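Before any comments, here is the structure.
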Amino acid sequence: MTSFLEINGLNLSVHSDGRVLPILSDVSLTLERSEAVAIVGETGSGKTLTARAVMGVLPKNAVIRSGTITFNGVNVLTKEGAAAAREHIAMIFQNPMSSINPLFRVEDQMNDVLNWSLHGRKETKEEKTSRIRSALEGAQCYGDGKILRMFPFQLSGGMRQRVMIAMALLRKPSLLIADEPTTALDVTTQKEILSLLTKLTKEEKMSLILITHNLGIARESSMKTYVMYAGRVVEAGPTAQIFRKPLHPYTKGLIDSIPSLDKSRSMEGIDGEIAQQDRAAVGCCFASRCSYAIDKCLTRQPELKELAPGQKVACYVAEQGGLRVV
Amino acid sequence: MRFAEFVARRVLLALVTLVGLSLLIFYLSRILPANPGRLALGPYATQAQVAAYDRELGLSRPLYEQYFYWLWNFLHGQWGLSIVTKDNVLHDVEIHFPATFELITISIILTSLIGIPLGVIAASRRGKILSGVVRALWMVGVAIPSFTVGLGLQVISSYWFHFNAIIGQISVPPPTHVTGMLWVDSILTGNWPAFVSTSQHLLLPEIALSLAGIGQIAQLTYSGMLDETEEDYYLALKTFGARSFALDFKYALRSALIPVLTVLGLLYASLIANAFLVEEVFSWGGLSTYAVTAMQSDDFNAIVATVIVIGVFYVVLNLLVDLSLGYIDPRIRLGVGH
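Those protein sequences? They're chains D and R, same order as listed.
Here my numbering is used: the first residue of the first sequence is 1, the next is one more, and so on.
Here my numbering is used: the first residue of the second sequence is 1001, the next is one more, and so on.
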């Protein structure tokens, strides 16, 4: 029995100035129907490219070297498969300021999005209008259709993201990919958009992939979490379990760097900088920043292994029984 | 701000510009170190005759008085006599302007109709031959002056292809006068032989005039379109199932057109003054030729009139460009920052 979405051993490179940079290494991910999964990681860890590979909208200089992606049993790495998958997957983006064309009224763009999803099927104007209205209501955009006559730049950031979500809803997706959907918004709006996404996944029986660098968001809105670092999945498992007992030093570092109001717990960061992906791939990708690293970490990349029920980790130290400072 | 208010504001600004232009050109024409009476009457006229001539033209009165007198006459179609043609300047302009206007308007239409789609298609098949063609066309167009292209075309077409419509506007009896634009008139009056002849005569000067513009507009559209395909909304609409035709020609082109329209406006306006060399090469006898002759002979009524006509053309064009930018980009029309 295959999962709803399955990414298996995905390797992806980017060609830049005649050089070939490996960006994703051996990324695997599974998602079931109606499941909400978070992909967490720093900027440049390959979260967005993973999502774009699923949508079949990779940048022109990106090449998939090996691996498979199947959605609903269909291989999306073929042109036809990607087009078929796009019918059921919708994606919303980080910056609602730039992800809606500023020169067209909300109405125009929603109409087009709806028409594209019909594939030549005829619908009356009334049917279309009511579908657009119900999509807007589904995304909690109220305002008596006034929004429809507005241009994107006349809307606030939160409203734009709602319009974006409404456009996605028009396609009645069974999987919604939200790429940092709240990063560009202020905190209260963040909260509203997140609860909207959670509500939608429950009501519409949608699956959700939530890409974020914010662990708090992952914790609140997902059942499973994938932690990515330098183009690799370093830890994956049930969200609650990962937060209670992170096994990878990077995950632990991320959790420790969340500011807390509790004064007894001090905030800690992770030393060093994000690993450059064009460096020689010897040893664990995180070894240079890891305070637990042992000799073995510097020579070979560890594989993902299930070390706790449902929780996979790529770390030699964790394999040997836990994180002790050496 | 509604669209009507936007239009009214721009029209008002255009009028202010025109008043400024008329003041400036009037003043400049009156401080030229030339003696129009002496020039008109020749070296053998007596001082008294010259003074009488100046009085007749009102040249002895204070400048501000002359300005209002001149403006009043100008608005009533009295543009003064040309020293060279001895005719009312308005009449001269009526003869010469349509020829140039037709030439450059067809050129700008060709430039848009060829240049913009060329840029869009080149951008949609990145790395393919067409983008190279666009780049080459652009460089060639910028590097070779249009009159050189004209001369080359004349030599090639007459020498090798025995195509003889290389000078003038028409080589059969002209069509009945409607607008003064021969090609347009031959269509309006259904005059087939005149239509064929004017089309042939238009061919070479249009190529010479449009080549550089086509390259420039295609290149500008091309790079604008490439930028648009990098935008988030482009990706977003693509994931929402947009066909690439709708995406390119509706969504991306609209943004990419903003700089293109501005440059098209500038091109069009610059053509009216710069078509001179091409007009010379093809013995076109348009407004530019008239203006240059006027300048060479200190024919100040003609100079003032042609400068004003060209100025009005600029201002009207700018207005049209502003209005169409406002139409395309709601942020301009509604006065909001990006």
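Just so it is clear, CB atoms sit at the ideal spot from N, CA and C, and this is done for glycine as well.
Since the structure is predicted, the reported quantities are computational estimates derived from the model, not experimental observations.
- prompt: Name the chain D residues whose beta carbon is nearer than 9 Å to that of R1254/R?
  reply: Per Cβ cutoff of 9 Å: N101, L103, F104.
- request: Report yes if the C-beta of L1320/R is less than 8 Å from at least one heavy atom of the ligand SAM; otherwise report no.
  value: This structure simply doesn't include the ligand SAM, nor any ligand for that matter.
message: To the nearest angstrom, how far is the alpha carbon of T1179/R from that of I1114/R?
response: Between the C-alpha atoms of T1179/R and I1114/R there is a straight-line separation of about 26 Å.
- request: On the DSSP bridge assignment, give the partners of Q311/D in chain order.
  value: Its beta-bridge partners are A308/D.
query: Between V313/D and the rest of its own chain, which residues show a CB-CB distance below 6 Å, the 5 nearest in sequence each way excluded?
result: Closer than 6 Å at Cβ, skipping near neighbours: E235, L247, H248, L307.
- prompt: What did DSSP end up calling A166/D once you bin it into helix, strand or coil?
  reply: Residue state, collapsed to three classes: helix.
query: Whose C-alpha, out of A84/D, L215/D, D112/D, A240/D, is nearest the C-alpha of S260/D?
result: S260/D has its Cα closest to that of L215/D, out of A84/D, L215/D, D112/D, A240/D.
task: Could you name the residues that DSSP lists as bridge partners for T78/D?
output: Note: T78/D sits in no beta bridge, so no partner.
message: Using CA atoms only, rank isn't needed, just tell me which of L197/D, V187/D, M150/D, D186/D is closest to I165/D.
response: Considering only alpha carbons, the answer is L197/D.
task: Report all residues from its chain with a CB closer than 6 Å to the CB of D278/D; omit the five preceding and five following residues, and keep chain order.
output: Unreliable positioning characterises D278/D in this predicted model, as indicated by a pLDDT of 47, which lies under 50. The coordinate reading is nonetheless provided below. Annotation for D278/D: L21 place their beta carbon closer than 6 Å to its own, counting only its chain and skipping 5 residues before and after.
query: When the Cα of A85/D is compared with those of Q94/D, N72/D, F93/D, N95/D, which residue comes out closest?
result: Cα-wise, what sits closest to A85/D is N72/D.
field: Per-residue contacts from P1330/R into chain D (C-beta, under 7 Å)
entry: Chain D residues near P1330/R: L103, F151.
query: Shorter than 9 Å from the beta carbon of S156/D to some beta carbon of chain R?
result: Residue contact with chain R for S156/D: absent (no Cβ-Cβ distance below 9 Å to any residue of chain R).
message: Considering only the alpha carbon of each residue, which of L1325/R, T1017/R, F1245/R lies closest to N1123/R?
response: In the sequence as presented, Asn is not what sits at residue 1123/R; that position holds Ala. If we check each option's Cα against that of A1123/R, F1245/R comes out closest.
message: Tell me the rounded alpha-carbon separation between F1026/R and G1042/R.
response: It is roughly 24 Å from the alpha-carbon of F1026/R to the alpha-carbon of G1042/R.
field: For A1256/R and S1082/R, believed in contact at Cβ under 8 Å, the rounded distance
entry: That pair is no contact at about 45 Å.
- request: Tell me, please, whether the CB atom of A1242/R is closer than 9 Å to any CB atom in chain D?
  value: Answer yes: the Cβ-Cβ gap between A1242/R and chain D drops below 9 Å somewhere.
message: Between D278/D and chain R, is the shortest Cβ-Cβ distance under 9 Å, so that the two count as touching?
response: Legend: pLDDT at D278/D = 47, less than 50; position of this residue unreliable, no value from coordinates given.
Residue of I1272/R, I1156/R, I1308/R minimising C-alpha distance to T1017/R: The residue with the shortest Cα to Cα distance from T1017/R is I1308/R.
- prompt: How long is the line joining the alpha carbons of L1317/R and G1265/R, rounded to whole angstroms?
  reply: The C-alpha of G1265/R is placed about 6 Å away from the C-alpha of L1317/R.
Buried versus exposed, by CB contacts within 10 Å (16 or more), Y1069/R: Exposed is the call here.
Integer-rounded CB distance, given that I89/D should sit under 8 Å from L10/D: About 16 Å separates the two Cβ atoms, so there is no contact after all.
message: I'd like the list of long-range same chain contacts for G138/D, defined as Cβ closer than 6 Å, with 5 residues on each side in sequence excluded.
response: Excluding residues within five positions, the ones whose Cβ falls inside 6 Å are L169.
task: Identify the contact partners of Y1251/R in chain D, using a Cβ-Cβ distance below 9 Å as the criterion.
output: The contacting residues are N101, L103, F104, Q109, D112.
- prompt: Cβ of S3/D less than 9 Å from any chain R Cβ?
  reply: Taking Cβ atoms only, chain R never reaches closer than 9 Å to S3/D, which makes this a no.
- prompt: Just curious, the alpha helix (DSSP H) that M1225/R is in, first and last residue?
  reply: That run of the alpha helix (DSSP H) goes 1192 to 1229.
task: Evaluate H1201/R with the Cβ neighbour count: other Cβ atoms within 10 Å of its Cβ, from every protein chain shown; 16 or more gives buried, anything less gives exposed.
output: H1201/R is classed as buried because its beta carbon has at least 16 other beta carbons within 10 Å across all chains shown.
task: Would you list, in chain order, the members of the region 84 to 95 of chain D that have their beta-carbon closer than 9 Å to a beta-carbon of chain R?
output: Flagged, chain order: R86, E87, I89, A90, M91, I92, F93, Q94, N95.
- prompt: Does the Cβ of S13/D have 16 or more other Cβ atoms within 10 Å, making it buried, or fewer, making it exposed?
  reply: Counting other Cβ atoms within 10 Å of its Cβ, S13/D reaches 16 or more and is therefore classed as buried.
- prompt: Could you give the distance in angstroms between the alpha-carbon of G1241/R and the alpha-carbon of M55/D?
  reply: When the Cα atoms are used, G1241/R and M55/D turn out to be separated by approximately 11 Å.
- request: To the nearest angstrom, report how far apart F153/D and P102/D are at their CA atoms.
  value: Rounded to the nearest angstrom, the gap between the Cα atoms of F153/D and P102/D is 6 Å.
task: Would you check if there are 3 or more beta carbon pairs closer than 8 Å linking the region 175 to 183 of chain D to the region 195 to 213 of chain D?
output: Segments in contact, yes.
- prompt: Does DSSP put K224/D in a helix, in a strand, or in coil?
  reply: If DSSP states are grouped into helix, strand and coil, K224/D belongs with the strands.
field: Inter-stretch contact (C-beta, 8 Å, three-pair minimum) for the region 90 to 100 of chain D and the region 27 to 46 of chain D
entry: These segments do not touch.
task: Name the residue from L1153/R, Q1049/R, A1045/R, V1292/R whose alpha carbon lies nearest to the alpha carbon of L1203/R.
output: Measuring from the Cα of L1203/R, the nearest candidate turns out to be L1153/R.
C-beta neighbour in chain R for A178/D, strict 9 Å: Not one chain R Cβ lies under 9 Å of A178/D.
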